[in-house]
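Written out as C-alpha coordinates, the structure reads:
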(Lines of atoms letter the chains of each structure in order from A; the text may use other names.)
(Lines give C-alpha, C1' and ligand atoms only; values in the text may rest on other atoms or scores of the structure.)
Protein backbone atom coordinates (compact mmCIF):
# COMPACT_ATOMS: atom_id res chain seq x y z
CA UNK A 503 0.00 0.00 0.00
CA UNK A 504 1.32 3.42 -0.91
CA UNK A 505 0.83 6.11 1.72
CA UNK A 506 2.39 8.98 -0.20
CA UNK A 507 2.44 10.05 -3.87
CA UNK A 508 6.26 10.23 -3.75
CA UNK A 509 6.29 6.54 -2.92
CA UNK A 510 5.29 5.70 -6.51
CA UNK A 511 8.70 6.84 -7.78
CA UNK A 512 10.59 4.84 -5.18
CA UNK A 513 8.38 1.82 -5.84
CA UNK A 514 9.23 1.94 -9.57
CA UNK A 515 12.94 2.41 -8.84
CA UNK A 516 12.98 -0.46 -6.37
CA UNK A 517 11.13 -2.74 -8.79
CA UNK A 518 13.57 -1.89 -11.59
CA UNK A 519 16.58 -2.54 -9.36
CA UNK A 520 15.04 -5.78 -8.08
CA UNK A 521 14.62 -7.00 -11.67
CA UNK A 522 18.17 -5.84 -12.42
CA UNK A 523 19.58 -7.85 -9.52
CA UNK A 524 17.65 -10.96 -10.58
CA UNK A 525 18.77 -10.53 -14.21
CA UNK A 526 22.40 -10.04 -13.18
CA UNK A 527 22.30 -13.17 -11.03
CA UNK A 528 20.81 -15.09 -13.94
CA UNK A 529 23.32 -13.77 -16.49
CA UNK A 530 26.35 -14.37 -14.27
CA UNK A 531 25.32 -18.01 -13.97
CA UNK A 532 25.96 -18.51 -17.68
CA UNK A 533 28.47 -15.79 -18.55
CA UNK A 534 31.42 -15.91 -19.03
CA UNK A 535 31.03 -19.70 -18.69
CA UNK A 536 29.01 -21.98 -16.42
CA UNK A 537 30.94 -23.67 -13.64
CA UNK A 538 31.81 -27.18 -14.72
CA UNK A 539 30.56 -30.08 -12.68
CA UNK A 540 27.81 -28.09 -10.95
CA UNK A 541 24.12 -28.36 -11.74
CA UNK A 542 22.82 -25.20 -13.41
CA UNK A 543 19.45 -25.78 -11.75
CA UNK A 544 21.08 -25.95 -8.32
CA UNK A 545 23.10 -22.79 -8.98
CA UNK A 546 20.01 -20.87 -10.09
CA UNK A 547 18.05 -22.14 -7.10
CA UNK A 548 20.72 -21.02 -4.64
CA UNK A 549 21.06 -17.63 -6.33
CA UNK A 550 17.41 -16.78 -7.00
CA UNK A 551 15.20 -18.58 -4.47
CA UNK A 552 16.06 -16.34 -1.49
CA UNK A 553 14.96 -13.24 -3.46
CA UNK A 554 11.89 -14.58 -5.26
CA UNK A 555 9.50 -14.51 -2.25
CA UNK A 556 9.90 -10.71 -2.20
CA UNK A 557 8.50 -10.20 -5.72
CA UNK A 558 4.95 -9.46 -4.56
CA UNK A 559 5.93 -7.06 -1.74
CA UNK A 560 8.36 -5.24 -4.05
CA UNK A 561 5.84 -4.69 -6.82
CA UNK A 562 3.05 -3.72 -4.41
CA UNK A 563 5.18 -1.52 -2.17
CA UNK A 564 4.55 -3.33 1.12
CA UNK A 565 6.79 -1.89 3.79
CA UNK A 566 7.25 -5.09 5.79
CA UNK A 567 8.34 -6.97 2.65
CA UNK A 568 10.84 -4.20 1.86
CA UNK A 569 12.31 -4.49 5.33
CA UNK A 570 12.82 -8.26 5.04
CA UNK A 571 14.11 -7.97 1.48
CA UNK A 572 16.70 -5.46 2.67
CA UNK A 573 18.03 -7.96 5.20
CA UNK A 574 18.44 -10.57 2.44
CA UNK A 575 19.99 -8.08 -0.01
CA UNK A 576 22.77 -7.36 2.51
CA UNK A 577 23.99 -10.95 2.06
CA UNK A 578 24.00 -10.55 -1.74
CA UNK A 579 25.90 -7.28 -1.40
CA UNK A 580 28.51 -8.87 0.86
CA UNK A 581 29.01 -11.80 -1.51
CA UNK A 582 29.26 -9.45 -4.51
CA UNK A 583 31.87 -7.25 -2.81
CA UNK A 584 33.99 -10.29 -1.92
CA UNK A 585 33.67 -11.67 -5.47
CA UNK A 586 34.56 -8.30 -6.98
CA UNK A 587 37.60 -8.04 -4.74
CA UNK A 588 38.83 -11.57 -5.39
CA UNK A 589 38.27 -11.30 -9.14
CA UNK A 590 40.10 -7.95 -9.19
CA UNK A 591 37.13 -6.02 -10.53
CA UNK A 592 35.39 -8.46 -12.87
CA UNK A 593 32.36 -6.87 -14.52
CA UNK A 594 29.65 -9.20 -13.17
CA UNK A 595 30.46 -8.88 -9.46
CA UNK A 596 30.99 -5.12 -9.75
CA UNK A 597 27.60 -4.66 -11.42
CA UNK A 598 25.97 -6.85 -8.79
CA UNK A 599 27.66 -4.84 -6.03
CA UNK A 600 26.33 -1.57 -7.43
CA UNK A 601 22.82 -2.95 -8.05
CA UNK A 602 22.49 -4.48 -4.57
CA UNK A 603 23.77 -1.28 -2.96
CA UNK A 604 21.25 0.78 -4.92
CA UNK A 605 18.43 -1.69 -4.22
CA UNK A 606 19.08 -1.50 -0.49
CA UNK A 607 19.38 2.30 -0.55
CA UNK A 608 16.25 2.90 -2.63
CA UNK A 609 14.28 0.42 -0.51
CA UNK A 610 15.27 2.39 2.60
CA UNK A 611 14.26 5.64 0.92
CA UNK A 612 10.93 4.05 0.01
CA UNK A 613 10.38 3.08 3.63
CA UNK A 614 11.13 6.65 4.71
CA UNK A 615 8.81 8.17 2.10
CA UNK A 616 6.05 5.59 2.52
CA UNK A 617 5.59 5.85 6.29
CA UNK A 618 1.99 5.56 7.42
CA UNK A 619 0.35 8.82 8.40
CA UNK A 620 -0.49 8.89 12.13
CA UNK A 621 -3.39 10.88 13.53
CA UNK A 622 -4.01 12.70 10.26
CA UNK A 623 -0.71 14.59 10.44
CA UNK A 624 1.41 14.73 7.32
CA UNK A 625 4.92 13.30 7.56
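In our numbering, the protein residues as written are 503 to 625. Here a beta-carbon is modelled for each residue, glycine too, at the ideal position from N, C-alpha and C. Keep in mind the model is a prediction, meaning the values are calculated, not measured.
Review point. Between the region 512-524 and the region 608-616, do three or more beta carbon pairs fall short of 8 Å?
Key: At 8 Å Cβ cutoff, the stretches touch.
Point to revise | Residue from 551, 550, 569 whose Cα sits closest to the Cα of residue 559 | key: What you label residue 559 is simply residue 57 of the chain shown in a count that begins at 1. Ranking 551, 550, 569 by Cα distance to residue 559 puts 569 first.
Point to revise | residue 626 versus residue 528: straight-line alpha-carbon distance, rounded | key: The question about residue 626 has no answer here: the residues shown for the chain are numbered 503 through 625.
Check your understanding: CB-CB under 8 Å to residue 536, same chain, minus the five flanking residues each way: which ones, in chain order?
Key -> For the purposes of this step, residue 536 is taken as the residue at position 34 of the chain shown. The residues are 542, 545.
Exercise for review: Return helix, strand or coil for residue 522, following the three-state DSSP convention.
Suggested key: By 1-based counting over the chain shown, the position of residue 522 is 20. Helix, per DSSP.
Check your understanding: Rounded C-beta distance between residue 511 and residue 616? I'm assuming under 8 Å.
Key -> As a first step, residue 511 must be located in the chain shown, where it is residue number 9. As a first step, residue 616 must be located in the chain shown, where it is residue number 114. Under the criterion of beta carbons closer than 8 Å, residue 511 and residue 616 do not qualify as touching, at roughly 11 Å.
Check your understanding: Which value, in whole angstroms, describes the spacing of the CA atoms of residue 539 and residue 547?
Key -> As a working note, residue 539 is residue 37 in the chain shown. As a working note, residue 547 is residue 45 in the chain shown. If I take the Cα positions, the gap works out to 16 Å.
Check your understanding: In chain order, which alpha helix (DSSP H) runs of at least 4 residues are fully inside the region 509-555?
Key -> You should have 509-532, 542-550.
Check your understanding: Pick from 590, 567, 523: whose alpha carbon is nearest that of residue 549?
Key -> Counting from 1 along the chain shown, the entry for residue 549 is found at position 47. Residue 523 is the option with its Cα nearest to residue 549.
Review point. Under a three-way DSSP split, which group does residue 585 fall into?
Key: The residue you call residue 585 lines up with position 83 of the chain shown. Residue 585: helix per DSSP, three-state reduction.
Review point. Considering only the beta carbon of each residue, do residue 602 and residue 573 sit closer than 8 Å?
Key: For the purposes of this step, residue 602 is identified with residue 100 of the chain shown, where counting begins at 1. For the purposes of this step, residue 573 is identified with residue 71 of the chain shown, where counting begins at 1. Between residue 602 and residue 573, the gap from beta carbon to beta carbon reaches 8 Å or more.
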